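Residue numbers (this note's numbering): 102 to 158.
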């Protein structure tokens, strides 16, 4: 049982690690910057659309 627990723990770390890192890289302002992202998208639509920093993914 201990080996299974360790195995599942490593699997969870390997799966959740890259997801958390990706969320931190995409949202460096914090865990819930949805309002800031929406405002930036609104302002970006008024200007040139080619100047985005990749937030349209």
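Backbone N, C-alpha and C define an ideal beta-carbon position, used for all residues, glycine too. Every value quoted in this text rests on a predicted model; they were computed, and no experiment measured them.
For residue j and residue i, the rounded distance between their alpha carbons
i           : j           : result
residue 111 : residue 118 : 10 Å
residue 104 : residue 116 : 18 Å
residue 126 : residue 102 : 36 Å
residue 109 : residue 120 : 17 Å
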